[in-house]
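Written below as structure tokens is the structure these notes are about.
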Amino acid sequence: MAARRRLKAVLIDLSGTLHVEDSAVPGAQEALARLRRAPVSVRFVTNTTKECRRMLVERLHGLDFHIEEHEIFTSLSAACRQVERAGVRPLLLLHDSALEDFAGIETSDPNAVVIGLAPEHFNYQTMNKAFRLLLEGAPLIAIHKARYYKRKDGLALGPGPFVTGLEYATDTQATVVGKPEKTFFLEALRELDCQPEEAVMIGDDARDDVGGAQNSGMLGILVKTGKYRPGDEAKINPSPHVTCDSFPQAVDHILQHLL
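Residue numbers for the sequence shown, in the working numbering: 1 to 259.
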């Protein structure tokens, strides 16, 4: 790993780190305000596929987070860029509220499959349509492969099991564009003119947030909120730079030890 440089940027996960559905993590708003007063750039990186960026910002504003749309880098955005580069017409297995981010993308007579979190579409008929397209050679683009995520009523299946099912059934390999892919983190940092050794990531997912960031050359801070389960910090190598109880404690660590 390259030698650490002066910290220039902090990447922050959203769901499970700043909020869980429509409830903010206690103290997160004030902690974010403190971090913004520090001499670092802040960006928010998320694998959420349940809503477009505009709706996501509206939700965050409703929770009293002062976050603007241009500050958020999403796996939906990365997937849209991938579709545009490939010049394909995707079958979009996405939550209806996420489709806005694919406005202008041709989807008639699909010759590719894009899959995110879409519980209302994960039925036999739709999955079989995707299966048949893949058998005909269509590429499979996975917005991410998270195994599960945190809802108010408990943990819930993410898109990963459904992506893996399609891979298994068709003997194909998905192109994954979201966390924990190295290209996702590097693209987010590129917007900040920042190198990985000048950045730190805060998230609740040991594998996708922290592991992905550290494999990209960043430091990773794991928080014990959202989808975190006891012992998660021992499941990745290298282990997190530090594990904190919550986002406010992670901000305290950055302000006291990394600046």
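Idealized CB from N, CA, C, for every residue including glycine.
These figures come from a predicted structure and were not determined experimentally.
Exercise. Got a sec: does the ligand GDP put a non-hydrogen atom nearer than 7 angstroms to the Cβ of A9?
Worked result: The ligand GDP is absent from the structure shown, which contains no ligand whatsoever.
Exercise. Is the region 197-215 touching the region 128-139 in the sense that three or more CB pairs, one from each, lie closer than 8 angstroms?
Worked result: no
Exercise. So what does DSSP say about G217, is it helix, strand or coil?
Worked result: coil
For this session: Please state if the CB of I143 and the CB of A86 are separated by a distance shorter than 8 angstroms.
Result: no
Problem set entry | Sheet register partners of I262 (DSSP bridge) | There is simply no residue 262 to check, as the chain begins at 1 and stops at 259 in what is shown.
Exercise. Terminal residues of the continuous alpha helix (DSSP H) containing K150?
Worked result: Note, K150: premise wrong, no alpha helix (DSSP H); beta strand (DSSP E) at 148-151.
Problem set entry | For T164, the three-state DSSP class (helix, strand or coil) | helix
Exercise. Taking Cβ positions, are Q228 and D252 nearer each other than 8 angstroms?
Worked result: It should be pointed out that residue 228 corresponds to Tyr in this sequence rather than to Gln. No, the pair does not count as a contact, with Cβ atoms beyond the cut-off.
For this session: Please look up how many angstroms separate the CB atoms of A188 and R43, rounded, as I've assumed it's under 8 angstroms.
Result: 6 angstroms
For this session: Write down the C-beta distance between V10 and H19 rounded to the nearest angstrom, noting that I regard them as a contact closer than 8 angstroms.
Result: Going by Cβ atoms, the distance from V10 to H19 rounds to 17 angstroms, so no, they are not a contact pair.
For this session: Kindly list the residues whose CB is nearer than 6 angstroms to the CB of P139, restricted to its own chain and excluding five residues on each side of it in sequence; keep chain order.
Result: A112
Problem set entry | Cut-off 6 angstroms between Cβ atoms - residues of its own chain near T243, not counting five sequence neighbours on either side | L222, E233
Exercise. K235 to D109, Cα distance in whole Å?
Worked result: 42 angstroms
Exercise. Can L259 and A38 be called in contact, C-beta distance under 8 angstroms?
Worked result: yes
Exercise. Which partner residues does A156 have in the DSSP bridge list?
Worked result: Y149
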